[in-house]
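Residues in the sequence shown are numbered consecutively from 1028, following our numbering.
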Amino acid sequence: MNPISYAILSVILISIISVIAIIPFLRKRKISEKTLLFLVSLSAGTLFGTVFLHFLPEMGNFTLTTSLSILAGILIFFIIEKIVHFRHHHHHTHKSEIEKQTHGHAYHLAPVNIIGDGLHNFIDGVIIGTSYLINIPLGIAATVGIMLHEIPQEIADFGVLLYSGMSKKKALFFNLFSALTAIIGTILGLILATRVEGFIQIIIPFAAGGFLYIAGSNLVPELHKHCGLKESLVHLFALILGMGIMVALLFVEIH
């Protein structure tokens, strides 16, 4: 298969897996905290691994453009988080706050969350499409990192929509709709990468900045809120496992 086929199939796979991850929660609103935190730890490990083992080596020599692109990635993802007004992975720790909002501004929370999540997925699609054009292993690394981050994020998004007053069926529809914006992003990324000179040299460090922001500002701080020895060891194991997955993908690149 060519890189374009790989890219489109990857975002479709991510969308399908995100929906499958939500299915167990269709009959209950309570999300398993242990399961979600394990996924958060695993996601953080894969994102860090993707940046330092795959993205950075592809950048070659750092230039001012590279540095500015990394900073732009950090800023854009910070802005997206502000737009959403809710940290996706905090859903399980702020349940009472969400429930209070359902009596006031619940219907304002839902559309903002959908728009913010759709924008996030759109950017993820651009990153995946561009990564596959560089080489297949890099595209796979980006896909795995994004997919493992998307699972806990989409579960949390689903919970937010439920607590905003949506029915389960409607919440599932909008969750899938926002996930599919990644396909549009992938197609746009493929077009820009082939037609705009220097686009790849900008989008990869941009993605690195975005991944670092998500892992360092959102995911890791959440893990520090749970300080039990057993919990911490499980989180450490998942973090190392996520990095290990990215190390394993290096052998794919070598061969």
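C-beta atoms are modelled at their ideal positions from N, C-alpha and C, and glycine is treated no differently. No experiment lies behind these values; they were computed from the predicted model shown.
Which residues in the same chain as A1206 place their Cβ atom closer than 6 Å to its Cβ, once the five residues preceding and following it in sequence are excluded?
S1042, S1045, N1148
Please confirm whether I1267 and G1072 have their CB atoms less than 8 Å apart.
yes
M1273: buried (16+ other C-beta within 10 angstroms of its C-beta) or exposed?
buried
If you run the structure through DSSP and keep just helix, strand and coil, what is M1086?
helix
Does DSSP put M1193 in a helix, in a strand, or in coil?
coil
Quick one: is I1202 buried, meaning 16 or more other Cβ sit within 10 Å of its Cβ, or exposed?
Per the sequence presented here, residue 1202 reads as Asn, with Ile not at that position. Classification of N1202: buried, given that the 10 Å Cβ count is 16 or more.
Count the other CB atoms within 10 Å of the CB of S1096; is the residue buried (16 or more) or exposed (fewer)?
buried
Closest to H1176 by CA distance: which of L1066, V1038, S1158 is it?
L1066
Contacting residues, own chain, Cβ-Cβ under 7 Å from M1086 (five flanking each side not counted)
T1093, I1231, P1232
So, with DSSP's three-state summary, where would you put L1053?
coil
Could you give the DSSP three-state label for G1255: helix, strand or coil?
coil
Let me know the secondary structure DSSP gives G1145 once reduced to three states.
helix
Can a CB atom of chain D be found closer than 8 Å to the CB of L1207?
The chain labelled as chain D is not found in the depicted structure, where only one protein chain is given.
Going by alpha carbons, who is nearest to L1063 out of E1258, A1275, P1030, L1277?
E1258
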